[in-house]
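Residue numbering for the sequence shown follows the working numbering, beginning at 83 and increasing consecutively. C-beta atoms are modelled at their ideal positions from N, C-alpha and C, and glycine is treated no differently. Scroll down for the structure; my scribbles are underneath it.
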Amino acid sequence: MGQRSKDLPRRSCLSVPGSSDRFLEKGPTIAADMTFLDLEDSVAPSEKVGARQKVAEAVRKLDWGDRVLCVRINAWDTRWTYGDVIEVVGNAGERLDEVMLPKVQSASEVEALDMLLTQVEANSGLPLGHIGIEAQIETTRGLINVEEICAASSRLEAIIFGPADFAASMEMPVLTGGVQIADYPGDHFHYVFSKILMAGRANGLQVIDGPFLKIRELDQLREYCMRTRVLGYDGKWCLHPDQVTVINEVFSPTQEQFDKAWDILDAYRRATEEEGKGAVMFGDEMIDEASRKMAIKFVARGERSGLRRRSS
Ligand code: GLV
Ligand code: MG
Numbered sequence: 083m084g085q086r087s088k089d090l091p092r093r094s095c096l097s098v099p100g101s102s103d104r105f106l107e108k109g110p111t112i113a114a115d116m117t118f119l120d121l122e123d124s125v126a127p128s129e130k131v132g133a134r135q136k137v138a139e140a141v142r143k144l145d146w147g148d149r150v151l152c153v154r155i156n157a158w159d160t161r162w163t164y165g166d167v168i169e170v171v172g173n174a175g176e177r178l179d180e181v182m183l184p185k186v187q188s189a190s191e192v193e194a195l196d197m198l199l200t201q202v203e204a205n206s207g208l209p210l211g212h213i214g215i216e217a218q219i220e221t222t223r224g225l226i227n228v229e230e231i232c233a234a235s236s237r238l239e240a241i242i243f244g245p246a247d248f249a250a251s252m253e254m255p256v257l258t259g260g261v262q263i264a265d266y267p268g269d270h271f272h273y274v275f276s277k278i279l280m281a282g283r284a285n286g287l288q289v290i291d292g293p294f295l296k297i298r299e300l301d302q303l304r305e306y307c308m309r310t311r312v313l314g315y316d317g318k319w320c321l322h323p324d325q326v327t328v329i330n331e332v333f334s335p336t337q338e339q340f341d342k343a344w345d346i347l348d349a350y351r352r353a354t355e356e357e358g359k360g361a362v363m364f365g366d367e368m369i370d371e372a373s374r375k376m377a378i379k380f381v382a383r384g385e386r387s388g389l390r391r392r393s394s
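Following this line, the structure appears as structure tokens:
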């Protein structure tokens, strides 16, 4: 399955409206880890069909470097889904890594996309299983079924929270999605963030937070991102190049954290393999097998974001 992209970093995931020649041309110049060309909510209904060809051409002709490259198709409750897959995946060529399915409500929606992709791959000469899937959880039913959704296909690479549609689905009294609500004593999405993260991790998926709609408020964005970063999310959507810079920074371990993780791995290996001890002091902390597991995740994430160990 989309092995090229499965473990690539997705700290910053940039949305590019698929009907805009100008934004499509600009896409490759913005240093996001992942870019998705959108056929869904940033494209007007009258432009949806025309945008398919623009998007397929942009995938084929522009130089996207080695970032994860994705197309967001329309949800299964519209009339565009199958046409989006046939026309875009059928014509985009091998550089397309993934398709993003919005408003996923049940595992069967992912299974249906998986089967359709298999046929389109066979008919367009793509390796079978080449195209990965990212699924958006942004309805109440999707959240209720998130565990089955995350296990629905071996093509799945990432699960994404969509705060704007989710707020609408919950009928929350807010007019701006994906920002802190001052009147709520705590984080109104804490349960949602945790539930999606657990379902994703239990199935080996990357887990991504959706958009922050106040695009000029970069300090607020930085503060807001920290909640999903601290929980363990891999990255967050960006709607503007300025958001990419902030999000890449927030979702990377620091060099100190990365080097410390390596040092813990070394100390633990020496303790278990050379001294026959299961727990050992590391500075003023006791470390054991659980510390090794935490450190391994840090190292993997740091390597994914381009860090290399400083020689100690
Ligand atoms: C993203 O698609 C969202 O609805 O927040
Ligand atoms: Mg949405």
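Apart from the five residues just before and just after residue 385, which ones in its own chain have a Cβ nearer than 7 Å to its Cβ?
Once the five neighbours on either side are set aside, residue 385 has no close Cβ partner at all.
Can you tell me which of 378, 376 and 350 puts its alpha carbon nearest to the alpha carbon of residue 365?
Closest option to residue 365, Cα to Cα, is 350.
With respect to the alpha helix (DSSP H) encompassing residue 327, which residues constitute its N-terminal and C-terminal limits?
Bounds of the alpha helix (DSSP H) holding residue 327 are 323-332.
Any idea if residue 207 is buried or exposed, counting beta-carbon neighbours within 10 angstroms, 16 or more meaning buried?
Looking at its Cβ environment, which holds fewer than 16 other Cβ atoms inside 10 Å, residue 207 is exposed.
Tell me the rounded alpha-carbon separation between residue 230 and residue 393.
Approximately 44 Å between the Cα atoms of the pair.
May I ask you to check if the CB of residue 100 is nearer than 6 Å to at least one heavy atom of ligand 1?
No, the Cβ of residue 100 stays beyond 6 Å of every heavy atom of ligand 1.
Residue 376: buried (16+ other C-beta within 10 angstroms of its C-beta) or exposed?
Around the beta carbon of residue 376, a 10 Å sphere encloses fewer than 16 other beta carbons of the protein chains shown; the residue is thus reported as exposed.
Beta-carbon spacing of residue 73, residue 244 below 7 Å:
This structure cannot speak to residue 73, because the chain is shown only from 83 to 394.
DSSP beta-bridge partners for residue 183?
Within the DSSP secondary-structure output, residue 183 pairs in a beta bridge with 217.
Using only alpha-carbon positions, find the residue among 285, 146, 172 and 183 that is nearest to residue 160.
Looking at the Cα atoms, 183 is the closest of the given residues.
Helix, strand or coil for residue 310 per DSSP?
Residue 310 sits in a helix when the DSSP states are folded into three classes.
Through-space distance from residue 224 to residue 189, alpha-carbon basis:
Cα-Cα distance, rounded: 9 Å.
Taking 6 Å as the line, does the beta carbon of residue 247 fall inside it for any heavy atom of ligand 2?
A distance criterion of 6 Å places the beta-carbon of residue 247 in contact range of ligand 2, judged by its closest non-hydrogen atom.
Could you check what DSSP says for residue 359 in three-state terms: helix, strand or coil?
Reduced to three states, the DSSP call for residue 359 is coil.
Confirm the yes/no value for this check: CB of residue 317, any heavy atom of ligand 4, distance under 6 Å.
By its list of ligands, the structure shown excludes ligand 4, since it contains just ligand 1 and ligand 2.
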